[in-house]
Amino acid sequence: MSKAAELAALIGSQTALSNRNLIINGAMQVAQRGTQVTGSTGDGYKTVDRFNVSNSSLGTWTFDQDTNAPNGFSNSFKVTCTTADASPAASDKLLIMQRIEAQNLQLLGYGTSGAQSITLSFYVKSNKTGNASVNLLQHDNSNKLVGFQYSISSANTWERKIITFPADTSGVINNDNGYGFQLEWFLNSGSNFTGGSHRSTWTAFDNTDRNVSNLGIGGAVSDYFQITGVQLELGEQDTAFEHRSFGDEYQRCLRYYYRTPAPNGGLAANEPFPCVGNMDGSTTGAYMLQFPIPMRAAPSAIEQSGTASDYSIRVTSDANGTSVPTASGFTAESALINLVSSGAGFTSGDACFMRAESTDAFLAFSAEL
Amino acid sequence: MKTYTVDYELEDGTQMYAKVDTDDKIRLHATDEYPPFQAWLSANRDNLPSDIQAKINAGELTILEAD
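Line by line, the protein sequences give chains A and B.
Numbering follows our numbering, with no gaps: position 257 of the first sequence is 257.
Numbering follows our numbering, with no gaps: position 24 of the second sequence is 1024.
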C-alpha cells in the first residue's frame, strides 16, 4: 500500500492517528529481565517485557531479545528449541501471549451494538513453514475465544501477517485493571489443544480450538520462531506499525513490571538503590521504595538476586545483608523493603539507604496480568 | 525452579510464598495472586508440598483455573 493510500485508509477508518496500538512493547524494545534466557522449561516472562511464555512440558528453549528484525525494527523476540519434543503429550503446549488490561479495551465497545472489529498485524520468521494459529481470549467472559490461521510461506524470511478479528456485541469487557484479552500465538501442542476448528466469530472456550493449525515449533532441535512489530488496532484496516520511543514503551511496561537498576544502567558495587528509610532496630533496614509510575495493582511478587550479601545497609558505614531483601508492604505506588544484617549494630531510627554490593544486585516488582 | 514454599506473612495477614530455585536460592517472594505461582499450583495440584497443601486444605490458598 502506498503512503497516500495508507493515510487515506487510516483517515477513512476513523482510527486514531496515534496511540492506536493496543499492544505494549510490540517492537520488543524493552527487556528489563535481560536479553537472553537459556535452558528454559517453564512458564513466565523471558527477556522482552509484556510477552509471556506458557510452556507445559514441551521442550527446552532459549529465549532472546534478538537484534535480527525487519527493516525499521531493531529487535525481535526469538524462541529457539534446544531440546526437542517430537511427540508432545496431550497436555503439552508452548505459546507466546500478551494479556491486555481490560480498561484499555473499552474503546472496542464490546457487549454493545456498536462493538468494533480489531486488526492484528505482526512480523514473523521461522525455520518452519506452514499454517499456525493465533487467538484472542476474553477473560471476563469465561475465555470466550476467536481464532484464525495464518501461514508462514518462506523459511527464514520475515513476513508480515494481518488478521482482522470480529466485533463481539455480547461480551462485555469489564472496565477494570484485570485482563480483558489474551492474545496468543501457539507454537506447538499436544492433542488437548488441537482437533477443533478455527473460530471466525466469538464462541465459548474450547481448548481444542486453540491450536487447530499446529506449526510444530520444537519438534526438532534448532527450530525457532521470531516475532516483532505486533500491533492490535481498532477497525478492519491495518496501518503501518506505530513506532514509539524507547522511553514511551518503557514507561508503559513499568505499569506491569519494574526492575531497578534500569535497563542499560546497571549498578556498580557500592551504588545506591532508589530507596531510603531508617533502621528498625539495630539490624534491620526498613526502606520505602516508590515506583517510578504507579503500577497496575499492588505487586504480587518481589524479586532479588538470591544472594543476601549482594545488598547492604548503609548508615555511616556498610553492613552486608544476611538475608535477602523482602517486602513487607505493597501498594500500587510503593513497597516497604526490609534488609537484615544480623551482625549490624546501627542505632534504631537512624536514616539509611540500601546499597548494591555486587553488579548482580537488583530489585524487581511484578504486577503482570 | 524446584518448588514454592510457605514463607513470611505481611502485617495485613497476606501470606508470602518463596520460590526455591534448583540451587536452593530464593530469588522471588510472591502472594497467591502471582500468575506464575498460580500456574505452578495448577500444574502440580496432585503433588504439592505439604506446607502448600496445608494452606489449601485450610482454605487459605485457592488454585485458580489456568488458561
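For glycine and all other residues, C-beta sits at the position ideal for the given N, C-alpha and C.
Three-way DSSP call (helix, strand, coil) for residue i in this model
| i | result |
| --- | --- |
| residue 64 of chain A | strand |
| residue 78 of chain A | strand |
| residue 274 of chain A | strand |
| residue 23 of chain A | coil |
| residue 139 of chain A | helix |
| residue 1045 of chain B | coil |
| residue 1033 of chain B | coil |
| residue 249 of chain A | helix |
| residue 1052 of chain B | helix |
| residue 202 of chain A | strand |
| residue 158 of chain A | coil |
| residue 188 of chain A | strand |
| residue 104 of chain A | helix |
| residue 208 of chain A | helix |
| residue 31 of chain A | coil |
| residue 213 of chain A | coil |
Separation of residue j from residue i, as counted between CA atoms
| i | j | result |
| --- | --- | --- |
| residue 1061 of chain B | residue 1055 of chain B | 5 Å |
| residue 239 of chain A | residue 283 of chain A | 58 Å |
| residue 111 of chain A | residue 123 of chain A | 30 Å |
| residue 347 of chain A | residue 316 of chain A | 11 Å |
| residue 295 of chain A | residue 1010 of chain B | 19 Å |
| residue 96 of chain A | residue 1028 of chain B | 23 Å |
| residue 308 of chain A | residue 1005 of chain B | 19 Å |
| residue 163 of chain A | residue 230 of chain A | 11 Å |
| residue 18 of chain A | residue 1058 of chain B | 51 Å |
| residue 36 of chain A | residue 113 of chain A | 45 Å |
| residue 233 of chain A | residue 243 of chain A | 13 Å |
| residue 78 of chain A | residue 216 of chain A | 15 Å |
| residue 201 of chain A | residue 271 of chain A | 55 Å |
| residue 121 of chain A | residue 330 of chain A | 37 Å |
| residue 93 of chain A | residue 352 of chain A | 48 Å |
| residue 46 of chain A | residue 1036 of chain B | 12 Å |
| residue 342 of chain A | residue 310 of chain A | 15 Å |
| residue 321 of chain A | residue 147 of chain A | 50 Å |
| residue 1042 of chain B | residue 1063 of chain B | 6 Å |
| residue 344 of chain A | residue 1044 of chain B | 41 Å |
| residue 64 of chain A | residue 39 of chain A | 12 Å |
| residue 324 of chain A | residue 340 of chain A | 8 Å |
| residue 22 of chain A | residue 1050 of chain B | 42 Å |
| residue 314 of chain A | residue 1024 of chain B | 28 Å |
| residue 119 of chain A | residue 176 of chain A | 23 Å |
Beta-carbon spacing of residue i, residue j below 8 Å
| i | j | result |
| --- | --- | --- |
| residue 137 of chain A | residue 182 of chain A | yes |
| residue 178 of chain A | residue 100 of chain A | no |
| residue 55 of chain A | residue 43 of chain A | yes |
| residue 364 of chain A | residue 257 of chain A | yes |
| residue 367 of chain A | residue 274 of chain A | no |
| residue 228 of chain A | residue 28 of chain A | yes |
| residue 127 of chain A | residue 155 of chain A | yes |
| residue 224 of chain A | residue 80 of chain A | yes |
Same chain, Cβ closer than 6 Å to residue i, neighbours up to 5 away in sequence not counted
| i | result |
| --- | --- |
| residue 1001 of chain B | 1019 and 1021 |
| residue 167 of chain A | 115, 116 and 117 |
| residue 129 of chain A | 152 and 155 |
| residue 83 of chain A | 59 and 60 |
Contact set for residue i: own chain, Cβ-Cβ below 7 Å, skip 5 residues either direction
| i | result |
| --- | --- |
| residue 267 of chain A | 261, 356, 359 and 361 |
| residue 286 of chain A | 277, 278, 280, 336 and 338 |
| residue 250 of chain A | 30 |
| residue 197 of chain A | 209 and 212 |
| residue 206 of chain A | 196 |
| residue 1014 of chain B | 1031 |
| residue 76 of chain A | 28, 66, 68, 69, 226, 227 and 228 |
| residue 34 of chain A | 47 |
Spatial neighbours of residue i in its chain, beta-carbon cut-off 8 Å, leaving aside the 5 residues before and after
| i | result |
| --- | --- |
| residue 89 of chain A | 57 and 190 |
| residue 253 of chain A | 24, 25, 30, 32, 49 and 50 |
| residue 140 of chain A | 102, 171, 172, 173, 174, 178 and 180 |
| residue 74 of chain A | 27, 29 and 67 |
| residue 186 of chain A | 93, 94, 95, 132, 133, 134, 135, 193, 210, 211, 214 and 215 |
Per-residue contacts from residue i into chain D (C-beta, under 7 Å)
| i | result |
| --- | --- |
| residue 326 of chain A | In summary, chain D is missing from the structure at hand, where the protein chains are A and B. |
So if I threshold CB-CB distances at 8 Å, which residues from the region 295-314 of chain A count as touching chain B? Contacts with chain B (Cβ-Cβ distance below 8 Å) from the region 295-314 of chain A involve 300, 301, 302, 303, 304, 305, 306 and 307, listed in chain order.
Quick one: which residues of the region 1038-1063 of chain B get their C-beta closer than 9 Å to a C-beta of chain A? List them in chain order. Listed by position, the residues of the region 1038-1063 of chain B near chain A (Cβ gap below 9 Å) are 1039, 1040 and 1043.
What residues in the region 84-117 of chain A bring their beta carbon closer than 7 Å to a beta carbon of chain B? none
Residues of the region 43-54 of chain A in Cβ contact with chain B at a cutoff of 9 Å, in chain order, please. Those residues of the region 43-54 of chain A that come within reach of chain B (Cβ to Cβ, closer than 9 Å) are 43, 44, 45, 52 and 54.
Check distances from the C-beta atoms of the region 340-365 of chain A to those of chain B and list, in chain order, the residues that come in under 7 Å. none
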